[in-house]
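Report on one structure; see the data block that follows.
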Amino acid sequence: MVTSFFVMNVLGPSSVAFFMLQYFSNQNDSTMAQLNAEQERSESLLLSGLPTEISEGLKNTNRTIAQRHEAMSVLFSDVVGSTSLTVEYEPGPMVEILNVVFPFFDTLTDKYGLEKIRTIGDNCMVASGVPKSRDDNATALANMTLDMNAYIARKPDGPTPLKF
């Protein structure tokens, strides 16, 4: 009988300790997987909103990154009359149209070697001459703008054609 109490006193707490260690080890693995997923998500967001050189610099250092550029150009593009268009377009079709238009604008950004700074809602911001300087930054943006307007003119979707 003493032997069975001894075995129960050893096995009982040992089993509880083992299962607790197993549980917390699994929780740690799960938490680390969630942390890695969030880290990848935040890196993806950082890369989508900033030029690669700047986002890499922000990841690798805690200091503020500031650069001087002698010449650069910035394009701000917005849907003309977007507030009134929201009355004419249902939200779904409007988003579908923008999901076609802005990826095309992204291909123009690549075509002309420009830097997409951001796309929010119905507007986008593109820069030329940053992060790498170039002599034709205004010309490149003007050419992109002409291509954007030509594309929009050919794409009559919905009750009112879009204008940028």
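The working numbering numbers the first residue of the sequence shown as 415 and each following residue consecutively. Ideal Cβ placement from N, Cα and C applies to all residues, glycine included.
7 Å CB neighbourhood of residue i in its chain, flanking five on each side removed
i      : result
Asn580 : With the chain covering 415 to 578 only, the question about residue 580 has no answer from this structure.
His483 : Gly543, Val544 and Ser547
Phe518 : Tyr565
Limits of the alpha helix (DSSP H) - the one that residue i falls within
i      : result
Val514 : Pro505 to Lys525
Ile468 : Thr466 to Asn474
Beta-bridge pairing of residue i - partner residues as DSSP gives them
i      : result
Asp492 : Asn537
Lys530 : Val540
Ser487 : Ser542
Nonlocal neighbours in the same chain, by C-beta distance under 8 Å from residue i, ignoring five residues either side
i      : result
Phe438 : none
Thr523 : Glu529, Lys530, Val540 and Met558
Asn423 : none
Contact set for residue i: own chain, Cβ-Cβ below 6 Å, skip 5 residues either direction
i      : result
Ala385 : Because residue 385 is not part of the residues shown, which for the chain are 415 to 578, the question remains open.
Asp561 : Leu522
* Could you give the uninterrupted runs of the beta strand (DSSP E) lying entirely in the region 533-562, keeping only those of 3 residues or more? -> Counting whole runs of 3 or more residues, the region 533-562 contains the beta strand (DSSP E) stretches 537-542.
query = Okay, do the region 526-543 and the region 468-481 touch, 3+ Cβ pairs below 8 Å being the bar?
reply = no
Check your understanding: Are the region 508-517 and the region 453-460 touching by the rule of at least three beta carbon pairs closer than 8 Å?
Key -> no
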